[in-house]
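Numbering (this note's numbering), first residue to last: 6 to 217.
C-beta atoms are modelled at their ideal positions from N, C-alpha and C, and glycine is treated no differently.
Quick notes on the structure that follows.
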Ligand SMILES: [Zn+2]
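Take a look at the structure:
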C-alpha cells in the first residue's frame with residue numbers, strides 16, 4: 006500500500022532584527038514560511054500551496070504578521086499584536102458563544118484569562134467589539150483558529166489550546182461537547198492527536214509541568 010498525504014512544512018528563508026512589540030525593543034527574528042507538501046510515506050516530496058508566513062521573535066517566541074517588518078515604533082497609533090494573542094482571544098470568545106450569548110460574568114472571566122495568559126490587559130470595549138464581530142460572522146472556534154494557524158508556532162498553538170481548555174473548565178467540568186470542541190480546535194491548529202493528548206494531560210496535572 007502506498008501511503009500518501011499532505012502536511013505543512015516550515016522553513017526559515019530569512020533572519021534579521023525587528024522591533025518586537027512584546028519585548029518593547031529590537032530583537033532578532035526568524036521569518037518563517039509554511040508550505041503544504043505532498044507526502045509519500047510521510048516524506049514531503051512535492052511543494053504545494055503556501056499556507057502562511059510569519060515573523061517569529063527569537064526571544065519571546067511571539068509570532069507576527071510580516072507587515073511588522075515595516076513597522077515604525079516611533080509612529081503612534083499603530084498597534085501590532087502578537088498573532089497568538091489574537092487567536093487565543095478569538096478562540097475563547099468562540100467557545101463561549103458556542104453555548105449562547107455572553108454574560109457579564111463571562112466578559113470578566115475572558116479578561117482575567119487573557120491577562121493570565123498574555124500578561125496584558127484587554128479593555129472591555131475592545132473585547133465587546135470583538136465579540137460582536139465574531140457573533141455576526143457566525144464563525145465557530147474551529148473556523149477562527151484555522152485562519153490563524155499557519156502563522157502560529159508551537160508555543161502559540163499550545164497557548165491557544167490552553168486558553169480554550171481554561172474556558173472549558175471555567176464552569177467546573179468539561180462535558181463531552183467541550184471535549185469534542187477542544188479536539189477539533191487542536192486539529193484546526195494542526196496539532197497531532199498525540200500532541201493534544203500530552204497537552205491535555207499537562208493541563209489536568211499542572212504540578213508536572215515544571216519538570217518539563
Ligand atoms: Zn519578542
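CB of residue i within 8 Å of CB of residue j, strictly
i	j	result
residue 42	residue 12	yes
residue 139	residue 192	no
residue 99	residue 146	yes
residue 32	residue 64	yes
residue 8	residue 47	yes
residue 156	residue 34	no
residue 122	residue 163	no
residue 85	residue 70	yes
residue 126	residue 171	no
residue 169	residue 190	yes
residue 52	residue 38	no
residue 113	residue 101	no
residue 185	residue 150	no
Range covered by the alpha helix (DSSP H) that runs through residue i
i	result
residue 146	146-153
residue 90	88-103
residue 131	129-142
residue 172	159-174
residue 202	198-209
residue 119	109-123
Of the listed residues the options, nearest to residue i (C-alpha basis)
i	options	result
residue 161	176, 87, 34, 54	87
residue 15	57, 44, 133, 209	57
residue 61	122, 22, 166, 9	22
residue 74	25, 165, 153, 173	25
residue 66	72, 93, 28	28
residue 106	186, 188, 10, 136	136
residue 110	184, 211, 91, 133	133
residue 144	195, 131, 167, 97	97
residue 54	179, 40, 45	40
residue 183	130, 142, 195, 166	166
residue 159	89, 188, 76	89
residue 103	208, 10, 187	187
residue 30	50, 45, 76	76
Extent of the continuous beta strand (DSSP E) run through residue i
i	result
residue 47	Here residue 47 belongs to no beta strand (DSSP E), and DSSP marks it neither H nor E.
residue 178	Per DSSP, residue 178 belongs to no beta strand (DSSP E) and is neither H nor E.
residue 19	9-25
Any non-hydrogen atom of ligand 2 closer than 7 Å to residue i Cβ
i	result
residue 86	In the structure on display, ligand 2 does not appear, and the ligands it does have are ligand 1.
Inset, instruction - For ligand 1, enumerate in chain order all residues having a CB closer than 6 Å to any of its heavy atoms. - result: Per the Cβ criterion, the list is 25, 27, 28, 32, 62, 64, 65, 67.
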